[in-house]
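Student: Dumping the structure here so I can ask a few things about it.
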Amino acid sequence: MSDFERRPYPQALAADHDQPAPGSQARMRLQPDSDLSNYRPAGKLRGKAALITGADSGIGRAVALAYAKEGADIAFAFNHSEEDAAATRRLVEREGRVCLALMADVTVEADRARLVAETVGAFGRLDVLVNNAAYFEGDGTLEEIEPAGLRLVFETNVIAYMLMAKAALPHLEKVGGCIINTSSTTSIRGKMGSLAYSSSKGAVNVFTRSLALELAERGVRVNAVVPGPFWTPAIATSSEETVARFGSFTMLGRAGQPEEIAPAYVFLAAADGSYVTGALLEVSGGFKSVD
Numbered sequence: 000m001s002d003f004e005r006r007p008y009p010q011a012l013a014a015d016h017d018q019p020a021p022g023s024q025a026r027m028r029l030q031p032d033s034d035l036s037n038y039r040p041a042g043k044l045r046g047k048a049a050l051i052t053g054a055d056s057g058i059g060r061a062v063a064l065a066y067a068k069e070g071a072d073i074a075f076a077f078n079h080s081e082e083d084a085a086a087t088r089r090l091v092e093r094e095g096r097v098c099l100a101l102m103a104d105v106t107v108e109a110d111r112a113r114l115v116a117e118t119v120g121a122f123g124r125l126d127v128l129v130n131n132a133a134y135f136e137g138d139g140t141l142e143e144i145e146p147a148g149l150r151l152v153f154e155t156n157v158i159a160y161m162l163m164a165k166a167a168l169p170h171l172e173k174v175g176g177c178i179i180n181t182s183s184t185t186s187i188r189g190k191m192g193s194l195a196y197s198s199s200k201g202a203v204n205v206f207t208r209s210l211a212l213e214l215a216e217r218g219v220r221v222n223a224v225v226p227g228p229f230w231t232p233a234i235a236t237s238s239e240e241t242v243a244r245f246g247s248f249t250m251l252g253r254a255g256q257p258e259e260i261a262p263a264y265v266f267l268a269a270a271d272g273s274y275v276t277g278a279l280l281e282v283s284g285g286f287k288s289v290d
């Protein structure tokens, strides 16, 4: 990425707000930068196959495209926007890679099994599992949280991560593959009004480190990327006030773009990260010690 590329600051983002959840990238006025036009690949994942959940837009799309640029074939799961999923598929195929766009609900056992089976059936192997799908609708303070919403947050953000890993493990073990989980800086700092989501991402951190201990001797690495504020369709579902301040609390004074976090997922999947397991790799724009 060019040192001189200009990224939007919070006020510029404010035009996108109050979208119906879970948000659509295709309908955003200010599009997230997830086409990796500035990325310089080096064939680091040539011959590999990756399965990415929640890759129809935002960070997941950027990761799928980065992996494709590095030579991997891609299967990705999406649960809502067929329009966004079609765009991701086009971008991956433009790189000359095979791409499976699979509609699925990662909280459903049969769908998890199908995702892994179709990936291995198409590519003959599975090298990288990226657990990225997340749910945060209906989150809030302790008094606001409803039991059904709380359960769905944990079923999507924690339990599905564990059970996707379980379904993929036999194939990952054959090739010395890896698992990469998407966490959040809210897992470390907490977030007012986001009790369920923040807590679920804290569980992702502990799951990552615990599973890394369990699988190290079996040749499977497990790590997590810990994003700070990134401009994605999920953020466009927030209020205008929230969006207008989004990212202003970082040292860099702005939200990150998906293009700026995808290389972290490449590092953890490639041979460059062969000695990295149990790590929580923060990409946050830097948090101020005092606001």
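Just so you know, we're using numbering that gives the first Met the number 0 here: the sequence shown kicks off at 0 and counts up by one. Glycine is no exception: its CB is placed at the ideal position from the N, C-alpha and C atoms.
1. According to DSSP, what are the bridge partners of Gly-255?
2. Over the uninterrupted beta strand (DSSP E) stretch that includes Asn-130, give me the two end residues.
3. Since I believe Ala-61 is in contact with Ser-33 (beta carbons under 8 Å), could you give me their beta-carbon distance rounded to a whole number of angstroms?
4. I'd like the list of long-range same chain contacts for Arg-88, defined as Cβ closer than 7 Å, with 5 residues on each side in sequence excluded.
5. Which full runs of the alpha helix (DSSP H) of 4+ residues lie inside the segment 31–103, going along the chain?
6. Could you round the C-beta distance between Val-119 and Thr-52 to whole angstroms and report it? I think they count as a contact, below 8 Å.
7. Can you find at least 3 beta carbon pairs, one from the segment 159–169 and one from the segment 107–123, that sit closer than 8 Å?
8. Out of Leu-171, Leu-44, Asn-131, state which residue places its alpha-carbon closest to the alpha-carbon of Arg-124.
9. Have a look at Ser-273 and Ala-215 and give me their C-alpha separation to the nearest angstrom.
10. Determine, using beta carbons only, whether Gly-70 comes closer than 8 Å to chain B.
11. Rounding to the nearest angstrom, what Cα-Cα distance links Val-221 and Ser-209 in this structure?
12. Anyone know if the C-beta pair for Tyr-66 and Ala-41 falls short of 8 Å?
13. To the nearest angstrom, how far is it from the Cα of Leu-291 to the Cα of Glu-258?
14. By the DSSP assignment, the beta strand (DSSP E) with Leu-214 in it spans what residues?
15. Since Pro-70 and Arg-39 are thought to touch, with beta carbons under 8 Å apart, how far apart are those beta carbons, to the nearest angstrom?
16. Measure the C-alpha to C-alpha separation of Leu-12 and Phe-248 and round it to an integer number of angstroms.
17. Are the beta-carbon atoms of Phe-245 and Ser-199 separated by less than 8 Å?
18. Quick one: Cα of Val-225 to Cα of Arg-5, how far?
19. Helix, strand or coil for Glu-172 per DSSP?
20. Note down, in chain order, each residue of its chain lying with its Cβ closer than 8 Å to the Cβ of Val-219, except the 5 sequence neighbours on either side.
21. Can you find the residues in the same chain that come closer than 7 Å, C-beta to C-beta, to Thr-155, ignoring five residues on each side of it along the sequence?
22. Taking all protein chains shown into account, decide if Thr-185 is buried (16 or more other Cβ within 10 angstroms of its Cβ) or exposed.
Tutor: From the atom records:
1. Along the sequence shown, read from residue 1 onward, the residue named residue 255 stands at position 256. Paired residues: Phe-229.
2. Here residue 130 corresponds to residue number 131 of the sequence shown, with the count starting at 1. Element bounds for Asn-130: 127–130.
3. Working through the sequence shown from its first residue, we reach residue 33 at position 34. Working through the sequence shown from its first residue, we reach residue 61 at position 62. Right, the Cβ-Cβ distance comes to about 4 Å (below 8 Å), so this counts as a contact.
4. In the sequence shown, counting from the first residue as 1, residue 88 sits at position 89. The answer, listed in chain order, is Cys-98, Ala-100.
5. 57–68, 81–93
6. On the sequence shown, residue 119 is found 120 positions in, with the first residue counted as 1. On the sequence shown, residue 52 is found 53 positions in, with the first residue counted as 1. Actually they are not in contact, since the Cβ atoms of Val-119 and Thr-52 sit about 15 Å apart, beyond 8 Å.
7. yes
8. Here residue 124 is taken as the residue at index 125 of the sequence shown, counted from 1. It is Leu-171 whose Cα lies nearest to the Cα of Arg-124.
9. As a position in the sequence shown, residue 273 is number 274, starting the count at 1. As a position in the sequence shown, residue 215 is number 216, starting the count at 1. So the two alpha carbons sit approximately 11 Å from each other.
10. Among the chains of the structure shown, chain B does not appear; only one protein chain is present.
11. Here residue 221 refers to the residue found at position 222 of the sequence shown. Here residue 209 refers to the residue found at position 210 of the sequence shown. The alpha-carbon atoms of Val-221 and Ser-209 are separated by roughly 9 Å.
12. Stepping through the sequence shown from its first residue, residue 66 is reached at position 67. Stepping through the sequence shown from its first residue, residue 41 is reached at position 42. The answer is no: Cβ separation not under 8 Å.
13. Absent from the structure is residue 291, since the part of the chain shown begins at 0 and ends at 290.
14. Here residue 214 corresponds to residue number 215 of the sequence shown, with the count starting at 1. Premise fails: Leu-214 lies in the alpha helix (DSSP H), 194–214, not in any beta strand (DSSP E).
15. Taking the sequence shown and counting its residues from 1, one reaches residue 70 at position 71. Taking the sequence shown and counting its residues from 1, one reaches residue 39 at position 40. This sequence places Gly at residue 70; Pro is not what is there. With a Cβ gap of about 14 Å, Gly-70 and Arg-39 do not count as contacting.
16. Locating residue 12 in the sequence shown gives position 13, counting from the first residue. Locating residue 248 in the sequence shown gives position 249, counting from the first residue. One C-alpha to the other measures close to 15 Å.
17. What you label residue 245 is simply residue 246 of the sequence shown in a count that begins at 1. What you label residue 199 is simply residue 200 of the sequence shown in a count that begins at 1. No, they are not a contact pair.
18. Mapped onto the sequence shown, residue 225 falls at position 226. Mapped onto the sequence shown, residue 5 falls at position 6. Approximately 23 Å, taken between the alpha carbons.
19. Taking the sequence shown and counting its residues from 1, one reaches residue 172 at position 173. Residue state, collapsed to three classes: helix.
20. The residue labelled residue 219 in the question sits at position 220 within the sequence shown. Within the same chain, Val-219 has close Cβ partners Leu-168, Leu-171, Glu-172, Gly-175, Gly-176, Cys-177, Ile-178.
21. Locating residue 155 in the sequence shown gives position 156, where the first residue counts as 1. Closer than 7 Å at the Cβ level, and outside the excluded window around Thr-155, lie Val-105, Thr-106, Ala-132, Ala-133, Tyr-134.
22. Here the question's residue 185 lines up with position 186 in the sequence shown. Thr-185 comes out buried.
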